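Under numbering that gives the first Met the number 0, think of the first position of the sequence shown as 0, with each following residue one higher.
Below is one structure, written out as structure tokens; comments come after it.
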Amino acid sequence: MKRVIKWIAIFLAAAVLLAAAAVVIVPRLVDLNRFKPQIEKQVTEATGRPFTLGGDIRLSLFPRAGIVLEDLHLGNPAGFAEKDFVSVKSFELQVALLPLLSRNLVVERFVMDSPRILLARNRKGRANWGSVAGAARKVSAPPDEAKVEEELSEAGLPIQSLAVGEFDIKNGALVYRDERTGARREVSALNLRLEEISFDRPIGIDLSALLDGQPVTVTGRVGPVGREIGRQPVPLDVQIAAFSEIKLQLEGRLENLTTDPRFDLKLDLATFSPRKLLADLGQTFPVQTADPGVLSRVALLAEVQGTARAVSVSDGVLTLDDSTLRFSLQAKEFERPALAFEVKLDVIDADRYLPAPAKAQPAVAGGGQGGGAKKTDYAPLRKPVIDGALHVGELKIQGGTIRDISVKVSGRKGRYRFKPFSAALYGGSLAGSGVVDVQGSAPRTRLDLKIDNVQAGPLLVDFAQKDVLTGTLNAVAALSMAGDTPARIKPTLNGKGSLKFSDGAIKGVDLAGMARNVQAAFGLAEKPEERPSTDFSALNVPFTL
């Protein structure tokens with residue numbers, strides 16, 4: 000941001016100098032077109048690129064100093080297919096003269112027609128924008144930024160006021176092309192108008208463009224920026240519309256733009272359909288969900304504050320179809336991120352979002368061991384420091400329902416703890432903890448689970464579609480495993496636990512009837528109308544893996 004402001008200031012200063020030169024030289028007496036070769040040579044040496052001024056240089060003097068430049072071209076370095084890096088059809092600047100005597104800068108007209116910038120990488124991976132900065136550094140070493148800011152702070156701006164009448168950029172274009180991958184992105188038909196540019200009034204913004212052929216608009220107001228730019232907060236109220244689907248409003252303020260930039264914004268993303276958005280862009284939806292109607296309604300509200308070193312999100316509300324997720328987030332130290340979060344989801348049917356059941360594929364010989372599977376790099380998971388909490392009111396998954404899910408997550412140096420974990424499950428409860436360790440080449444996992452007073456019958460019917468057992472389930476289990484695929488986990492799985500069923504029945508088998516009547520048991524006698532079952536008061540199933 001500091002560099003952007005610096006280059007804008009340099010550009011404006013250069014414009015003022017050009018206008019002042021017009022006054023001194025007296026354009027009626029001197030033909031500035033004679034100086035075009037010198038101007039082209041100086042710019043070429045400064046940038047390391049060929050620079051040409053194709054049209055005439057036209058100047059005006061009184062009551063305003065004006066300059067018109069046409070057919071400007073700054074070339075690409077050798078090794079790029081396209082000739083121009085930057086081209087401008089015409090540029091016009093008019094500055095009122097008399098206000099300059101009292102240090103008031105009045106720009107009556109600033110118009111740039113058909114500017115085009117090409118950002119490209121050639122087949123060798125070289126970027127066409129890098130050498131411009133390199134050439135500029137060779138011409139003059141950059142001054143110490145802290146010293147420059149201190150001097151500017153002490154001296155203040157060289158003008159008392161600023162007023163810009165017409166500020167237009169017409170029919171601009173920005174093209175990115177990568178010759179290695181064939182990737183291409185283009186911003187075309189770019190039109191930008193700034194209104195009421197001054198130090199003490201909000202600046203109006205009206206931008207329209209086509210991004211890869213799709214419409215994008217930005218409207219709103221920014222400022223006032225104040226005479227001491229960067230010293231006072233800059234209000235912001237901007238609306239962004241894109242692709243005929245997305246409507247985003249940003250409202251808030253920017254602070255310390257020239258020293259330590261920070262922002263405080265309210266973000267409001269209106270409801271839109273990701274499916275319709277991608278369809279309008281001619282792209283296939285990237286995931287195939289069991290329910291093709293999901294991911295058709297998304298909206299977001301949040302307040303975002305941040306600096307270059309940290310960002311926080313508060314009062315976040317994400318709407319996803321029929322679900323509402325409320326969240327807060329804090330992140331800092333982005334190189335080794337420290338992340339804290341709290342997430343509350345009211346209800347979600349995860350089965351609708353899971354992939355549709357795949358058709359069975361023939362087994363590949365030798366594939367059971369997973370020896371040829373590509374290993375996952377877990378190094379990125381060893382950097383973050385995590386501290387978070389998650390609550391889900393109701394989760395439907397694999398046909399079953401789990402309520403009041405609550406889990407706290409903490410992690411450091413690749414070791415993640417999920418403790419405590421709790422949920423309401425079919426009249427009872429599930430509690431436990433877990434650890435996932437990715438400090439090594441493969442994850443190691445440990446789970447400790449405890450189930451109290453869960454009704455086994457409805458649980459099995461919903462999750463397994465089996466009506467074979469009823470009763471109250473109490474269970475404990477301690478499990479450990481290593482690996483990240485079933486083939487790798489299976490040989491490492493171990494642990495122990497017990498399942499205790501009480502006051503239930505095994506359905507489909509009448510053990511007592513079998514003992515009393517062998518014929519009935521083997522279907523040789525008349526079968527009862529009711530489904531047979533074996534009642535029990537207690538059924539214990541200890542296990543060791």
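Glycine residues also receive a C-beta, built at the ideal position from the N, C-alpha and C atoms.
Only a predicted model underlies this, so the values are computations on that prediction, with no experimental measurement involved.
Original post:
With distances taken from CA atoms, which of Gly129, His72, Asp55 is nearest Thr43?
Top reply: To locate residue 43, count along the sequence shown from 1; it is residue 44. The shortest Cα separation from Thr43 among Gly129, His72, Asp55 belongs to His72.
**OP:** Mind reading off the beta-carbon distance from Asp350 to Gln397? Whole number of angstroms is fine, and I expect it under 8 Å.
**Re:** Residue numbering aside, residue 350 sits at position 351 when the sequence shown is read from its first letter. Residue numbering aside, residue 397 sits at position 398 when the sequence shown is read from its first letter. At roughly 7 Å, the Cβ-Cβ gap stays under 8 Å, so Asp350 and Gln397 are in contact.
**OP:** Return the first residue and the last residue of the alpha helix (DSSP H) that Gly225 is part of.
**Re:** One-based indexing of the sequence shown puts residue 225 at position 226. Premise fails: Gly225 is in no alpha helix (DSSP H) and is neither H nor E.
Original post:
Do Ser322 and Val312 have their CB atoms nearer than 8 Å?
Top reply: Within the sequence shown, residue 322 is the residue found at index 323, counting from 1. Within the sequence shown, residue 312 is the residue found at index 313, counting from 1. No, the pair does not count as a contact, with Cβ atoms beyond the cut-off.
Original post:
Among Glu178, Lys407, Gly171, Val94, which has the Cα closest to the Cα of Val67?
Top reply: Here residue 67 is taken as the residue at index 68 of the sequence shown, counted from 1. Val67 has its Cα closest to that of Val94, out of Glu178, Lys407, Gly171, Val94.
**OP:** Could you please give the first and the last residue of the uninterrupted beta strand (DSSP E) stretch that includes Ala240?
**Re:** The sequence position of residue 240 within the sequence shown is 241, counting from 1. Here the beta strand (DSSP E) through Ala240 covers 233-241.
**OP:** Can you tell me the Cβ-Cβ gap for Arg274 and Leu294, rounded? I've got them flagged as a contact below 8 Å.
**Re:** Numbered from its first residue, the sequence shown carries residue 274 at position 275. Numbered from its first residue, the sequence shown carries residue 294 at position 295. Rounded, the Cβ-Cβ distance is 6 Å, consistent with contact.
Original post:
Applying the criterion that 16 or more other CB atoms from any shown protein chain within 10 Å of the CB defines a buried residue, is Phe542 buried or exposed?
Top reply: Stepping through the sequence shown from its first residue, residue 542 is reached at position 543. Answer is exposed; the Cβ neighbour count stays below 16.
Subject >> Closest by C-alpha distance to Thr218, when choosing among Pro336, Leu210, Gln238 >> reply: If you number the sequence shown from 1, residue 218 lands on position 219. Of the candidates Pro336, Leu210, Gln238, the one whose C-alpha sits nearest the C-alpha of Thr218 is Gln238.
Subject >> the segment 157-165 contacting the segment 98-114, beta-carbon criterion three pairs below 8 Å >> reply: yes
Subject >> Local conformation of Ile56 per DSSP, three classes >> reply: Residue 56 sits at position 57 when you count from the first residue of the sequence shown. If DSSP states are grouped into helix, strand and coil, Ile56 belongs with coil.
Original post:
Which full runs of the beta strand (DSSP E) of 3+ residues lie inside the segment 242-291, going along the chain?
Top reply: 245-254, 261-271
**OP:** Helix, strand or coil for Asp555, going by three-state DSSP, please let me know.
**Re:** In the structure displayed, the chain extends from 0 to 544; residue 555 sits before or after that span and is not available.
Original post:
Just how far apart, CA to CA, sit Phe333 and Gln438?
Top reply: As a first step, residue 333 is located in the sequence shown; it is residue number 334 there, counting from the start. As a first step, residue 438 is located in the sequence shown; it is residue number 439 there, counting from the start. Looking at the two C-alpha atoms, the distance is approximately 20 Å.
**OP:** Pull up the distance between the alpha-carbon of Thr444 and that of Asp466, whole angstroms please.
**Re:** Mapped onto the sequence shown, residue 444 falls at position 445. Mapped onto the sequence shown, residue 466 falls at position 467. If I take the Cα positions, the gap works out to 32 Å.
Original post:
Does the Cβ of Arg179 have 16 or more other Cβ atoms within 10 Å, making it buried, or fewer, making it exposed?
Top reply: Counting from 1 along the sequence shown, the entry for residue 179 is found at position 180. Its Cβ having fewer than 16 others within 10 Å, Arg179 is exposed.
**OP:** Would you kindly work out how many angstroms separate the C-alpha atoms of Leu276 and Asp451, rounded to a whole number?
**Re:** Locating residue 276 in the sequence shown gives position 277, counting from the first residue. Locating residue 451 in the sequence shown gives position 452, counting from the first residue. About 47 Å.
**OP:** Within the same chain, show all residues whose beta-carbon is closer than 6 Å to that of Leu448, passing over the 5 residues directly before and after it, in chain order.
**Re:** Translated into the one-based positions of the sequence shown, residue 448 becomes position 449. Excluding sequence neighbours, Leu448 sits near Gly431, Ala476.
**OP:** Using three-state DSSP, classify Thr484 as helix, strand or coil.
**Re:** In the sequence shown, residue 484 corresponds to position 485, counting from 1. Three-state DSSP puts Thr484 in coil, outside helix and strand.
Original post:
With C-beta atoms as the reference, is Pro201 less than 8 Å away from Pro223?
Top reply: Numbered from its first residue, the sequence shown carries residue 201 at position 202. Numbered from its first residue, the sequence shown carries residue 223 at position 224. Closer than 8 Å, so yes.
Original post:
Is the Cβ-Cβ distance between Ser399 and Asp461 less than 8 Å?
Top reply: By 1-based counting over the sequence shown, the position of residue 399 is 400. By 1-based counting over the sequence shown, the position of residue 461 is 462. The sequence as given places Gly at residue 399; Ser does not occur at that position. Contact flag set, yes.
Subject >> Check whether Val297 and Phe262 have beta carbons under 8 Å apart >> reply: Here the question's residue 297 lines up with position 298 in the sequence shown. Here the question's residue 262 lines up with position 263 in the sequence shown. No, the Cβ-Cβ distance between Val297 and Phe262 is not below 8 Å.
Original post:
Smallest Cα separation from Gln287: which of Met111, Tyr352, Phe84?
Top reply: Working through the sequence shown from its first residue, we reach residue 287 at position 288. Closest by alpha carbon: Tyr352.
Original post:
Cα-Cα, which of Tyr175, Met111, Val342 is closest to Leu117?
Top reply: Counting from one through the sequence shown, the residue named residue 117 turns up at place 118. Nearest of Tyr175, Met111, Val342 to Leu117, Cα basis: Tyr175.
**OP:** Output yes or no for whether 8 Å exceeds the beta carbon distance between Leu209 and Ser187.
**Re:** Taking the first residue of the sequence shown as position 1, residue 209 is located at position 210. Taking the first residue of the sequence shown as position 1, residue 187 is located at position 188. Yes, they are a contact pair.
**OP:** Quick one: grab the DSSP three-state call for Ile38.
**Re:** On the sequence shown, position 39 is the one that residue 38 refers to. Reduced to three states, the DSSP call for Ile38 is helix.
Original post:
Taking Cβ to Cβ, would you say Lys499 is nearer than 8 Å to Ala474?
Top reply: Taking the sequence shown and counting its residues from 1, one reaches residue 499 at position 500. Taking the sequence shown and counting its residues from 1, one reaches residue 474 at position 475. Their beta carbons are under 8 Å apart, which means Lys499 touches Ala474 by this criterion.
Original post:
Per DSSP, what kind of secondary structure is Ala339 in: helix, strand or coil?
Top reply: Along the sequence shown, read from residue 1 onward, the residue named residue 339 stands at position 340. Ala339 falls in the strand class under three-state DSSP.
**OP:** From the DSSP output, in three-state form, read off Thr180 for me.
**Re:** Along the sequence shown, read from residue 1 onward, the residue named residue 180 stands at position 181. DSSP places Thr180 in coil when its eight states are reduced to three.
**OP:** List the whole-angstrom C-beta distance separating His390 from Ser409, where the pair is believed to meet the contact cut-off of C-beta under 8 Å.
**Re:** Taking the first residue of the sequence shown as position 1, residue 390 is located at position 391. Taking the first residue of the sequence shown as position 1, residue 409 is located at position 410. Contact flag wrong, Cβ pair sits at about 16 Å.
**OP:** Output the distance between the C-alpha atoms of Glu39 and Asp83, rounded to the nearest integer angstrom.
**Re:** Residue 39 sits at position 40 when you count from the first residue of the sequence shown. Residue 83 sits at position 84 when you count from the first residue of the sequence shown. The alpha-carbon atoms of Glu39 and Asp83 are separated by roughly 15 Å.
**OP:** Identify, in the order they occur along the chain, each residue of the same chain with its Cβ nearer than 6 Å to the Cβ of Ala388, setting aside the five sequence neighbours on each side.
**Re:** Within the sequence shown, the letter at position 389 stands for residue 388. Taken in chain order, the residues that qualify are Glu341, Lys407.
Subject >> Separation of Ala172 from Gly74, as counted between CA atoms >> reply: In the sequence shown, the residue the question calls residue 74 occupies position 75. In the sequence shown, the residue the question calls residue 172 occupies position 173. So the two alpha carbons sit approximately 16 Å from each other.
Original post:
So the beta strand (DSSP E) Tyr415 belongs to, where does it begin and stop?
Top reply: The count along the sequence shown starts at 1 and reaches residue 415 at position 416. Note, Tyr415: beta strand (DSSP E), 414-424.
Subject >> Of the residues Thr51, Gly507, Leu478, the one placed nearest Ser497, counting alpha carbons only >> reply: For the purposes of this step, residue 497 is taken as the residue at position 498 of the sequence shown. The option with the nearest alpha carbon to Ser497 is Leu478.
Original post:
From Thr484 to Asp376, what distance separates their C-alpha atoms?
Top reply: Here residue 484 corresponds to residue number 485 of the sequence shown, with the count starting at 1. Here residue 376 corresponds to residue number 377 of the sequence shown, with the count starting at 1. Spanning the two alpha carbons is a distance of roughly 14 Å.
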